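Structure first, then comments.
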Amino acid sequence: MDRNRILEGQVAIITGGGSGIGRSTALLLGKQGAKIGLLDRSEDEAAKVKEQIERDGGECIVVDTDVSLAEQVEAGVRQIAEQWGRIDIVFANAGINGTWTPIEDLSPEDWDQTHQINLKGTFMTVKYAVPYLKRQGGSVIITSSVNGTRIFSNIGASAYSASKAGQVAFAKMAALELAQDKIRVNVICPGAIETNIGENTNRTEEAEEAAIPVEYPEGSQPLEGKSGSAEQVAELVLFLASPPSSHITGAQIFIDGAESLLI
Ligand code: NAD
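In the numbering used here, the protein residues as written are 427 to 689.
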């Protein structure tokens, strides 16, 4: 099989494509021939990714979208499908760390915000894409986290961890439900990856104080002695989006340099 431009003729939707894992994936899938629809609430960052994809010879549309708002997700998905006539790949990746604080201090509003973006946003991205994916089959990849099933020392991350666990269960249910439509659904669980996500974490002093000390230097994953890169995650997404993974669905794949095996 010619692996050069393996996604030629396909259309990919990527949420959170303006930064980090979503950005690297958009650039890689674009180089492999996919037309890229970026849904992100950071329109300026997404516009820079679009420019890079176009410099690389690809095509990209940016739709300013908050994935926690149903009408915006529905409109964004429809706009991309109408522009290019199809959707083959959905990377439901937008997410936030949100507020990290002990449970007794965590407000119901902060809980809701994390769940509305991470979990409900994933559900809605998939929901509104399914009618288009059903036409010819396709591949959905969801970004969860090692926190979705293995709990680290991050005391205070209860809302985040619960939302990430929800994504794993949702992905497996969706894989079974959508198999008859030839839609594959897989969920990836990154460990620490060098991106901007940490900068936007609202981690309280109480959470810092409650954190259980880890016995290895932070960011030092056994495999490479450092955090992973967004480009490494993008390579996994490319594999899951493309024909070499045609028999894989409902899989939960850790990409963490063995970090989660330490605990
Ligand atoms: P990032 O902050 O670099 O990128 C996240 C992107 O999502 C940004 O472009 C942001 O604008 C967008 N986004 C956030 N909320 C949004 C909303 N409501 N609507 C639309 N777009 C929104 O972070 P990242 O590390 O690339 O994170 C991507 C995914 O990877 C997230 O789901 C995150 O939970 C997951 N993850 C990251 C790590 C890590 O260490 N970086 C580890 C495990 C899982």
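Heads up, the beta-carbon is just placed ideally off N, CA and C, and yes, glycines get one too.
Given the structure is predicted, the values throughout are model-derived calculations rather than measurements.
Euclidean distance between Cα positions of residue i and residue j
| i | j | result |
| --- | --- | --- |
| residue 398 | residue 481 | Absent from the structure is residue 398, since the part of the chain shown begins at 427 and ends at 689. |
| residue 680 | residue 572 | 7 Å |
| residue 431 | residue 674 | 21 Å |
| residue 495 | residue 542 | 8 Å |
| residue 379 | residue 589 | With the chain covering 427 to 689 only, the question about residue 379 has no answer from this structure. |
| residue 652 | residue 585 | 26 Å |
| residue 659 | residue 519 | 11 Å |
| residue 503 | residue 515 | 12 Å |
| residue 427 | residue 667 | Its pLDDT being 47, under 50, residue 427 is placed unreliably by the model, and the measurement read from it follows with that caveat. Looking at the two C-alpha atoms, the distance is approximately 15 Å. |
| residue 445 | residue 453 | 11 Å |
| residue 528 | residue 540 | 15 Å |
| residue 628 | residue 634 | 11 Å |
| residue 435 | residue 521 | 28 Å |
Under the three-state DSSP convention, the category residue i falls into
| i | result |
| --- | --- |
| residue 534 | helix |
| residue 567 | strand |
| residue 522 | coil |
| residue 444 | coil |
| residue 424 | With the chain covering only 427 through 689, there is no way to say anything about residue 424. |
| residue 650 | coil |
| residue 655 | strand |
| residue 619 | strand |
| residue 674 | coil |
| residue 581 | coil |
| residue 681 | strand |
| residue 601 | helix |
| residue 576 | coil |
| residue 482 | coil |
| residue 495 | coil |
| residue 560 | coil |
Counterpart residues of residue i in DSSP-defined beta bridges
| i | result |
| --- | --- |
| residue 610 | 565 |
| residue 459 | According to DSSP, which records beta bridges pairwise, residue 459 is partnered with nothing at all. |
| residue 477 | According to DSSP, residue 477 bridges with nothing at all. |
| residue 465 | 441, 489 |
| residue 628 | 525 |
| residue 516 | 439, 566 |
| residue 669 | Answer is none; residue 669 lacks a bridge partner. |
Residue of the options minimising C-alpha distance to residue i
| i | options | result |
| --- | --- | --- |
| residue 615 | 594, 562, 533 | 594 |
| residue 506 | 570, 589, 464 | 464 |
| residue 683 | 649, 671, 666 | 649 |
| residue 458 | 688, 678, 661, 686 | 661 |
| residue 609 | 501, 553, 475 | 553 |
| residue 620 | 513, 462, 527, 657 | 657 |
| residue 441 | 489, 523, 454 | 489 |
| residue 685 | 601, 521, 654 | 654 |
| residue 583 | 536, 687, 438, 450 | 536 |
| residue 474 | 497, 493, 448 | 448 |
| residue 671 | 611, 501, 622 | 611 |
| residue 575 | 451, 460, 687, 434 | 687 |
Exercise. Touching or not, the segment 558 to 565 and the segment 574 to 588, by the rule of three or more beta carbon pairs under 8 Å?
Worked result: no
Exercise. Does the segment 536 to 555 come close enough to the segment 470 to 484 that 3 or more CB-CB pairs lie under 8 Å?
Worked result: no
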